[in-house]
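Protein chains: 2
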Amino acid sequence: MLNELCLPVGMSHNDVIKLDELIKERIRLSKGSALFHLGDHAEAIYAIRSGSIKTQLEDATGQVQITGFLLPGELIGMDGLLNYEQTSHAIALEDSEVCVMRLEDMDRLSMHMPSLQQQFRRLMSKEINRSHRLVMSLGSLRSEQRLAAFLLNLSHRLSALGYSSTDFILRMSREEIGNYLGLTLETVSRLFSRFAREGLIRIQQREIKLLDYQALQALSGSDCGD
Amino acid sequence: MLNELCLPVGMSHNDVIKLDELIKERIRLSKGSALFHLGDHAEAIYAIRSGSIKTQLEDATGQVQITGFLLPGELIGMDGLLNYEQTSHAIALEDSEVCVMRLEDMDRLSMHMPSLQQQFRRLMSKEINRSHRLVMSLGSLRSEQRLAAFLLNLSHRLSALGYSSTDFILRMSREEIGNYLGLTLETVSRLFSRFAREGLIRIQQREIKLLDYQALQALSGSDCGD
DNA sequence: CGCATCGTTGACATAACTCAACGGCTGTGG
DNA sequence: CCACAGCCGTTGAGTTATGTCAACGATGCG
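As given, the protein sequences belong to chains D and P, one line each in that order. Take the first sequence: its letters are residues 1 to 226, numbered as in the UniProt record's numbering. Take the second sequence: its letters are residues 1 to 226, numbered as in the UniProt record's numbering.
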């Protein structure tokens with residue numbers, strides 16, 4: 001059952017071994033299906049083993065806001081721990097697999113392993129930082145800067161997983177990118193076209209190639225996030 | 001040294017007693033001074049005892065994004081736990097006092113008290129949710145909705161502290177409100193004027209009175225957050 | 001192979017920004 | 001305690017980035 005792909009990128013091997021003890025179950029998700037919905041009882045957090053998953057809030061009026069596109073090694077469900085009730089939906093962007101880490105197992109294990117809870121505290125802090133950077137992007141950047149930063153951020157994370165940092169597939173639609181970045185799908189589409197015209201990227205449907213990394217960094221404000 | 005005002009609102013009395021053991025030190029901050037700066041070593045988190053504090057990110061270009069206005073009972077510094085280095089600035093909006101909770105004390109105590117770490121996990125989850133709601137506000141709402149939601153959120157939190165939910169003082173400038181909401185100070189000023197003209201609020205400088213709570217809720221999309 | 005979804009592009013509308021001028025607090029130092 | 005300076009807030013006029021509506025083309029799923 002143990003598998004390094006379940007583990008948050010950047011963990012020491014020591015911590016990996018501890019976390020592996022937590023993972024007793026995996027869940028397969030087909031494209032478009034939900035790992036959990038808003039309101040579900042939250043009794044575990046999930047590490048993506050393969051695939052990709054979006055998380056989205058939904059308010060009383062049905063308005064949706066995507067808060068993240070998660071890749072292998074990243075964790076989902078930490079926003080549900082406040083009242084052990086999910087506050088967002090988690091939906092697979094492609095066929096995916098996640099590892100389940102039950103809270104009760106975590107609590108039991110961390111009693112004897114202080115480093116586990118410290119590690120988990122760091123991961124929750126990371127999630128807070130991720131969200132804060134998104135706030136900064138939405139609050140302070142113009143559309144072209146947001147999209148450039150988004151592409152660089154994806155590139156960075158895929159690269160850390162051993163994939164190409166310049167050639168990858170966007171697993172989400174223009175509408176989903178727009179929702180995430182606080183833009184309309186038309187604006188996203190136009191920006192992709194413009195970036196391509198200006199030689200920054202090449203794009204064909206969801207296949208993207210970053211041609212001028214530096215120019216994208218300059219555009220985004222050199223803040224590629226993580 | 002023990003004081004209930006240091007404690008996150010909504011905690012059980014039992015947990016309060018535990019947390020009180022953590023608080024060995026308090027810090028007084030005069031208006032405009034910083035509790036910590038970006039890059040500072042993070043070895044504690046802080047609970048506001050009195051006053052109010054803003055937290056803000058700052059990117060390489062000096063661009064600032066305010067991510068929160070914190071009130072008594074609320075916690076600061078959870079975003080710095082990733083690498084034990086602050087990722088934001090925390091600046092007092094008025095003369096304030098905070099309680100210091102050292103990480104090493106927390107780790108020591110929580111070893112014998114599983115409920116402490118569970119409690120802390122919940123508080124970090126709450127911070128993630130807070131940030132997610134801000135993302136939703138910035139990504140999905142129009143300016144008038146953002147400001148209405150902001151006022152209702154403040155009202156809600158002040159009310160939980162025992163203050164009036166309809167009459168209060170804005171401790172932050174128009175510019176700070178605008179920065180937080182992804183708007184310019186002029187837009188904020190115009191919206192206040194318009195809300196007043198329409199009978200939703202009365203405002204004189206930083207003194208505000210909410211006259212039509214329901215209309216504000218309808219405007220904001222009934223999402224007053226927390 | 002056909003239909004539904006997704007993506008592109010254009011024309012137009014508008015919410016929010018920018019720049020500018022001015023008035024009123026507030027707090028400080030003489 | 002008063003006068004002044006600097007900041008803060010308001011308001012207006014004009015601009016612009018981004019949204020809206022609409023038509024069409026491309027993909028890929030069933």
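Glycine residues also receive a C-beta, built at the ideal position from the N, C-alpha and C atoms. Here the structure is a predicted model, which is why all the values come from computation and not from measurement.
What are the boundary residues of the beta strand (DSSP E) that residue i is part of?
i, result
"Q205 of chain P", "Careful: Q205 of chain P lies outside any beta strand (DSSP E) and carries neither H nor E."
"Y46 of chain P", "A44 to S50"
"A92 of chain D", "H89 to A92"
"L57 of chain P", "I53 to E58"
"L29 of chain P", "I23 to L29"
"L35 of chain P", "A34 to F36"
Which residue wins for smallest C-alpha separation from residue i, given the options the options?
i, options, result
"R146 of chain P", "P:V188, P:D95 and P:H156", "P:V188"
"A47 of chain D", "D:A215, D:V98, D:A149 and D:S173", "D:V98"
"residue 228 of chain P", "P:Q214, P:G62, P:Q217 and P:R171", "Past the edges of chain P, shown from 1 to 226, lies residue 228 of chain P, and the structure says nothing about it."
"E175 of chain P", "P:S50, P:R49 and P:I66", "P:I66"
"P72 of chain D", "D:K209, D:M136, D:R108 and D:S159", "D:S159"
"E127 of chain P", "P:S115, P:S137 and P:L70", "P:L70"
"F168 of chain D", "D:E58, D:I76, D:K209 and D:Y213", "D:K209"
"G77 of chain P", "P:Q118, P:S115 and P:L35", "P:L35"
"G68 of chain D", "P:Q214, P:A149, P:R157 and P:M136", "P:M136"
May I have the straight-line CA-CA distance separating residue i from residue j, to the nearest angstrom?
i, j, result
"A60 of chain P", "H112 of chain P", "42 Å"
"T166 of chain P", "T166 of chain D", "53 Å"
"L151 of chain D", "L191 of chain D", "12 Å"
"D20 of chain P", "G199 of chain P", "45 Å"
"M1 of chain D", "V64 of chain P", "With a pLDDT of 39 at M1 of chain D, under the threshold of 50, the predicted position of this residue should be treated as unreliable, and no value is reported."
"L154 of chain P", "I177 of chain P", "12 Å"
"S193 of chain D", "I201 of chain D", "9 Å"
"K24 of chain D", "R130 of chain D", "28 Å"
"G162 of chain P", "L22 of chain P", "25 Å"
"G221 of chain P", "S88 of chain D", "18 Å"
"I27 of chain P", "V100 of chain P", "7 Å"
"G225 of chain P", "A196 of chain P", "Note that G225 of chain P has pLDDT 47, beneath the 50 cutoff, so the model's placement of it is unreliable and the number below is only indicative. Taking the straight line from one Cα to the other gives about 23 Å."
"Q217 of chain P", "L185 of chain P", "22 Å"
"N3 of chain D", "G51 of chain D", "Low per-residue confidence applies at N3 of chain D: pLDDT is 48, beneath 50, and the placement is therefore not dependable enough to give any value."
"S164 of chain D", "E74 of chain D", "18 Å"
"H37 of chain P", "S30 of chain D", "45 Å"
"S33 of chain D", "E94 of chain P", "48 Å"
"L211 of chain D", "S173 of chain D", "21 Å"
"R108 of chain P", "R49 of chain P", "23 Å"
"A92 of chain P", "Q56 of chain P", "11 Å"
"Q214 of chain P", "H132 of chain P", "24 Å"
"G62 of chain D", "Q118 of chain P", "32 Å"
"R157 of chain D", "A148 of chain D", "14 Å"
"S110 of chain D", "L134 of chain D", "31 Å"
"V219 of chain P", "G39 of chain D", "What sits at residue 219 of chain P in the sequence shown is Leu, not Val. So the two alpha carbons sit approximately 25 Å from each other."
"E58 of chain P", "E58 of chain D", "29 Å"
Could you check where the alpha helix (DSSP H) with residue i kicks off and where it finishes?
i, result
"D107 of chain D", "L103 to H112"
"H156 of chain P", "S143 to A160"
"T67 of chain D", "Not the alpha helix (DSSP H): T67 of chain D falls in the beta strand (DSSP E), residues V64 to L70."
"R171 of chain P", "It is not in any alpha helix (DSSP H) - R171 of chain P carries neither H nor E in the DSSP assignment."
"Q217 of chain D", "Y213 to S220"
"E186 of chain P", "L185 to R197"
Which residues, in chain order, does the UniProt domain "HTH crp-type" (141 to 214) of chain P contribute to contact with chain D at a C-beta distance below 8 Å?
-> Interface annotation for the UniProt domain "HTH crp-type" (141 to 214) of chain P against chain D: N179, Y180, L181 and G182, criterion Cβ-Cβ distance under 8 Å.
Would you check if there are 3 or more beta carbon pairs closer than 8 Å linking the segment 43 to 52 of chain D to the segment 100 to 109 of chain D?
-> Yes: at least three Cβ pairs fall under 8 Å.
Three or more C-beta pairs below 8 Å linking the segment 118 to 136 of chain P and the segment 78 to 90 of chain D = yes
For the 8 Å Cβ check, are there 3 or more pairs between the segment 176 to 191 of chain P and the segment 137 to 154 of chain P?
-> yes
Taking a Cβ distance cut-off of 8 Å, strictly less, list which residues of the segment 110 to 122 of chain D are near chain P, in chain order.
-> S110, M111, P114, Q117, Q118, F120, R121 and R122
Should the segment 203 to 219 of chain D be called in touch with the segment 83 to 96 of chain D, which here means at least 3 C-beta pairs below 8 Å?
-> Cβ pair count under 8 Å is below three, so no.
Select from the segment 123 to 135 of chain P all residues with a C-beta closer than 7 Å to any C-beta belonging to chain D, and list them in chain order.
-> M124, S125, K126, E127, I128, N129, S131, H132, L134 and V135
Chain D contacts made by the segment 72 to 91 of chain P, where a contact means CB separation under 8 Å = Answer set for the segment 72 to 91 of chain P: M78, D79, G80, L81, L82, N83, T87 and S88.
Any residues in the segment 17 to 44 of chain P with a beta carbon nearer than 8 Å to a beta carbon of chain D? Which ones, in chain order?
-> none
Select from the segment 43 to 61 of chain P all residues with a C-beta closer than 8 Å to any C-beta belonging to chain D, and list them in chain order.
-> For the segment 43 to 61 of chain P, the set of residues with a beta-carbon nearer than 8 Å to any beta-carbon of chain D comprises L57, D59, A60 and T61, in chain order.
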